[in-house]
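K.L.:
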Amino acid sequence: MSLAIVKYNAGNIRSVQFALQRLGVEALWTDEPAALRAADKVIFPGVGEASSAMQYLRERGLDAVLRGLRQPVLGICLGLQLFCRHSEEGDTSCLGIFDVEVRRFRSPGLKVPHIGWNTLSNLRGPLFEGVEDGNFMYFVHSFYAEMHPDMVAQTDYGVPFSAALQRENFFAVQFHPEKSGETSQRILKNFLKL
Amino acid sequence: MSLAKRIIPCLDIKDGQTVKGIRFEQPRHAGDPAELAEMYARQGADELVLLDITATHEGRATFTGLVHRVAEVLDIPFTVGGGIGSVAQVEALLRAGADKVSINSAAVRRPELIDELARTFGSQCIVLAIDACPHADGYWYVYLNGGRIATPQRAPDWAREAADRGAGEILLTSMAHDGVKTGFALDLTREIATSIPIPVIASGGAGRPEHFLDVFTAGMADAALAASVFHFGEIPVPALKKYLYSHGISIRIEQNSCN
Chain A
1320 MSLAIVKYNA GNIRSVQFAL QRLGVEALWT DEPAALRAAD KVIFPGVGEA SSAMQYLRER
1380 GLDAVLRGLR QPVLGICLGL QLFCRHSEEG DTSCLGIFDV EVRRFRSPGL KVPHIGWNTL
1440 SNLRGPLFEG VEDGNFMYFV HSFYAEMHPD MVAQTDYGVP FSAALQRENF FAVQFHPEKS
1500 GETSQRILKN FLKL
Chain B
16 MSLAKRIIPC LDIKDGQTVK GIRFEQPRHA GDPAELAEMY ARQGADELVL LDITATHEGR
76 ATFTGLVHRV AEVLDIPFTV GGGIGSVAQV EALLRAGADK VSINSAAVRR PELIDELART
136 FGSQCIVLAI DACPHADGYW YVYLNGGRIA TPQRAPDWAR EAADRGAGEI LLTSMAHDGV
196 KTGFALDLTR EIATSIPIPV IASGGAGRPE HFLDVFTAGM ADAALAASVF HFGEIPVPAL
256 KKYLYSHGIS IRIEQNSCN
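Top line first, the protein sequences correspond to chains A and B. In terms of this note's numbering, the first sequence is residues 1320 to 1513. In terms of this note's numbering, the second sequence is residues 16 to 274.
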C-alpha cells in the first residue's frame, strides 16, 4: 500500500510521519499532483493558519487536485477545516468538500485555543470502529467545524462541534490521532485498512 | 464530559540526562529522557515537557537530537524549552518533532519574539514560561535565566501581555515552591488563570496528590506540571489520576493506559 502526505506550508507533519512509522508504514511527503493521485491513501495534516494555507494550495493547483482525489483521504486538524466550505479564520474560502462553516470559539469565559484531551461522542462510520463514546483525543485548535449531517464524531467545548466528518472517500478529524495515545492508533489503523 | 485537566511530567535535561533540582540547585540524575517519556505515555501522562535546564545559563545549543529521538517513540504531545531565543531555533525543534516550544528569558528581554513566533508557527505551539518569586512588597516578580536574575516586571502583568501578543499557554513556575513539595502557588495561579483567556499550566511545589487537587480547584489551573514526584515514583501518574477522578476532577482515564 502506498501512502502520501500532502506537502504544503503547514507545520507539524513530522508527528504524523512518526506515528505511521510506529505502525510500520512509510509515507511519501509530496506536493506532486501525479504522486498524490497515484497513492492508495492520502493524508492531509497540518497545524497553521487557514488563509495562507489555502493561498499556498491554490497557487500550486493543489486545491483542485485534493478535491478530485478518489482514494481514501484523511484530513487532520487544519486539514479538516480546509476541507470545509468557509473558515472565519482570515475569512477564507476553503475546499468545500464538506458544506460546513468553520467558526472561532467565542463562548464567554472559554479559554482559546481549545488545548488538551476531550471526549468523543456520537461516533459512527469505519474510522471509529473499536473506538468508544467517551474515549479521549488530543485537540489543539481555536476554530471548529459546526455540526452537520456529515459529522461522524462530536465533541463539546462551550459548543458542540464536529470532531470528525466523512463524506464518501473524504475523512477528517479535528483532533490529533497521531498524538492521542494508544486508543487513537486505532483510528489511524482503521484508516489504513479502508 | 468536558476538557480534561492535564497532568504533565517535566523532564529537566542536562547533557542528555534527566535531572531535577531542589529549588533550582543541585541537580540529581533520574534516567534516560526517551525511556522516561515512553514510560510516562504508557502510564497515562497527558503531555510531557522537556526542559534543557542549562541552556540559557551556559548558552548551550538546544537538544535537537534528543527531541527527534523522543518524537519517534512518543504518541502524546510534548513541549520543549530551554534557551530558545529565535524563530530559527523554534523551526528546528518543531521540525525535529516537538509539538510546542516554551520560551522564557528571551521573551522577557524581547517581547516581540512572542508575536513573531505566534505569527510564524501559530499560537497553539507557543508556550510562555514564567519563573516567578514573591517579593517583600507582596507582589510576584518575573525572574530570568532559570531563576538567577530578578526583573521589575510583575508576573500577572507579563502573563497578560504574553497572551495579548499571541502565546498559546502560560507555564507558570513558582520558584518559592519549586522542589519544596508543600503545594503549588495557589493564589498566584488563580490570579493568572482567571485573568487571561489562555490555559495556564501550574508548576512548582507538587508533593502530594492533594496538591494537584488544590491547584485544579482553588488554583483553577488547566494543567499541572511536576518532575521529581513522578521520576522517583513518589506519586505514580495512574494513582494520581484515579485520585483526581474520584474527587470529581475531569481527568483522562483510559482503560489501557491507567490500570
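C-beta atoms are modelled at their ideal positions from N, C-alpha and C, and glycine is treated no differently.
So that I know if they touch, is there some Cβ in chain A lying closer than 8 Å to that of B/R205?
P.N.:
In the second sequence, residue 205 of chain B corresponds to position 190, counting from 1. Not an interface residue.
K.L.:
Are A/T1438 and A/F1458 closer than 8 Å when you measure CB to CB?
P.N.:
The residue you call residue 1438 of chain A lines up with position 119 of the first sequence. The residue you call residue 1458 of chain A lines up with position 139 of the first sequence. Taking 8 Å as the Cβ cut-off, A/T1438 and A/F1458 do not qualify as a contacting pair.
K.L.:
Beta carbon of B/V157, beta carbon of B/I145: below 8 Å?
P.N.:
Against the second sequence, residue 157 of chain B aligns to sequence position 142. Against the second sequence, residue 145 of chain B aligns to sequence position 130. The answer is yes: Cβ separation under 8 Å.
K.L.:
Does the region 228 to 245 of chain B come close enough to the region 16 to 35 of chain B to have 3 or more Cβ pairs within less than 8 Å?
P.N.:
With a cut-off of 8 Å, the region 16 to 35 of chain B and the region 228 to 245 of chain B count as touching, because enough Cβ pairs lie within range.
K.L.:
Along chain B, which residues have their Cβ under 8 Å away from the Cβ of A/V1335?
P.N.:
Along the first sequence, one-based indexing puts residue 1335 of chain A at 16. Going along chain B, no residue has its Cβ under 8 Å from A/V1335, so there is no contact; the nearest lies around 10 Å.
K.L.:
Could you tell me if B/H150 is buried or exposed, where buried requires 16 or more neighbouring beta carbons within 10 angstroms of its beta carbon?
P.N.:
The sequence position of residue 150 of chain B within the second sequence is 135, counting from 1. B/H150 comes out exposed.
K.L.:
Using beta carbons (cut-off 8 Å, strictly below), is A/A1338 in contact with chain B?
P.N.:
By 1-based counting over the first sequence, the position of residue 1338 of chain A is 19. Judged by the 8 Å Cβ criterion, A/A1338 is in contact with chain B.
K.L.:
Figure out for me which residue from B/H192, B/R223, B/L108 and B/V95 has the closest Cα to the Cα of B/A254.
P.N.:
To locate residue 254 of chain B, count along the second sequence from 1; it is residue 239. Taking only the C-alpha atoms, the option nearest B/A254 is B/R223.
K.L.:
Between which residues of its own chain and B/P92 is the CB-CB distance below 6 Å, once the five residues before and five after are set aside?
P.N.:
Reading the second sequence from its first residue, position 77 is the one you call residue 92 of chain B. The residues are E62 and D114.
K.L.:
Does A/K1430 come out as helix, strand or coil in the three-state DSSP assignment?
P.N.:
In the first sequence, counting from the first residue as 1, residue 1430 of chain A sits at position 111. Looking at A/K1430 - three-state DSSP - the assignment turns out to be coil, as it is neither helix nor strand.
K.L.:
Please go through the same chain and pick out, in chain order, the residues whose beta-carbon is closer than 8 Å to the beta-carbon of A/R1386, but skip the five residues on each side of it.
P.N.:
Taking the first sequence and counting its residues from 1, one reaches residue 1386 of chain A at position 67. The answer, listed in chain order, is L1414, G1415 and I1416.
K.L.:
What are the boundary residues of the alpha helix (DSSP H) that includes A/S1461?
P.N.:
Position 142 of the first sequence, counted from the first residue, corresponds to residue 1461 of chain A. Note, A/S1461: premise wrong, no alpha helix (DSSP H); not H, not E.
K.L.:
Taking 8 Å as the limit between beta carbons, can you name the residues of its chain near A/T1411, skipping five residues before and five after?
P.N.:
Indexing the first sequence from 1 puts residue 1411 of chain A at position 92. A1369, S1370, M1373 and H1405.
K.L.:
What whole-angstrom Cβ distance do B/V7 and B/A52 have, given they're in contact under 8 Å?
P.N.:
With chain B running from 16 to 274 in the structure shown, residue 7 of chain B is simply not present.
K.L.:
Rank B/G248, B/T135, B/S210 and B/G161 by C-alpha distance to the C-alpha of B/S172 and give the top, closest one.
P.N.:
Here residue 172 of chain B refers to the residue found at position 157 when the second sequence is read from its first residue. This sequence places Asp at residue 172 of chain B; Ser is not what is there. B/D172 has its Cα closest to that of B/S210, out of B/G248, B/T135, B/S210 and B/G161.
K.L.:
Hey, is the region 1495 to 1502 of chain A in contact with the region 1415 to 1433 of chain A, meaning 3+ C-beta pairs nearer than 8 Å?
P.N.:
Counting Cβ pairs under 8 Å, fewer than three are found: no touch.
K.L.:
Give the C-beta separation of A/R1486 and B/R110 to the nearest angstrom, bearing in mind that I take them to be a contact with Cβ-Cβ under 8 Å.
P.N.:
Along the first sequence, read from residue 1 onward, the residue named residue 1486 of chain A stands at position 167. Along the second sequence, read from residue 1 onward, the residue named residue 110 of chain B stands at position 95. Not quite, the Cβ-Cβ distance comes to about 33 Å (not below 8 Å), so this is no contact.
K.L.:
Counting C-beta neighbours from all protein chains within 10 Å, is the total for B/I164 16 or more, i.e. buried, or is it exposed?
P.N.:
Start at 1 with the first residue of the second sequence, and residue 164 of chain B comes out as number 149. B/I164 is exposed by the Cβ-count criterion.
K.L.:
Taking B/E176 as part of the beta strand (DSSP E), name the residues at either end of that continuous run.
P.N.:
Residue numbering aside, residue 176 of chain B sits at position 161 when the second sequence is read from its first letter. B/E176 -> not in any beta strand (DSSP E); alpha helix (DSSP H) instead, spanning A170 to R180.
K.L.:
Under a Cβ-count criterion, where at least 16 other Cβ atoms within 10 Å of its own Cβ denotes burial, should A/L1376 be classed as buried or exposed?
P.N.:
Taking the first sequence and counting its residues from 1, one reaches residue 1376 of chain A at position 57. Classification for A/L1376: buried.
K.L.:
Spatial neighbours of B/G100 within its chain, please: CB distance less than 6 Å, with the 5 preceding and 5 following residues excluded, ordered by chain position.
P.N.:
Within the second sequence, the letter at position 85 stands for residue 100 of chain B. The answer, listed in chain order, is A121.
K.L.:
Can you check the region 207 to 237 of chain B for any beta strand (DSSP E) of at least 3 residues that lies completely inside it and give the ranges in chain order?
P.N.:
As far as the region 207 to 237 of chain B is concerned, its whole beta strand (DSSP E) runs of at least 3 residues are 215 to 218.
K.L.:
Can you tell me whether B/H72 is buried or exposed? The criterion is at least 16 other CB atoms within 10 Å of its CB, across all chains shown.
P.N.:
What you label residue 72 of chain B is simply residue 57 of the second sequence in a count that begins at 1. Confidence is the limiting factor: at B/H72 the pLDDT is only 47, short of 50, which leaves the residue's position unreliable, though a coordinate-based value still follows. Exposed, because fewer than 16 other Cβ atoms sit within 10 Å of the Cβ of B/H72.
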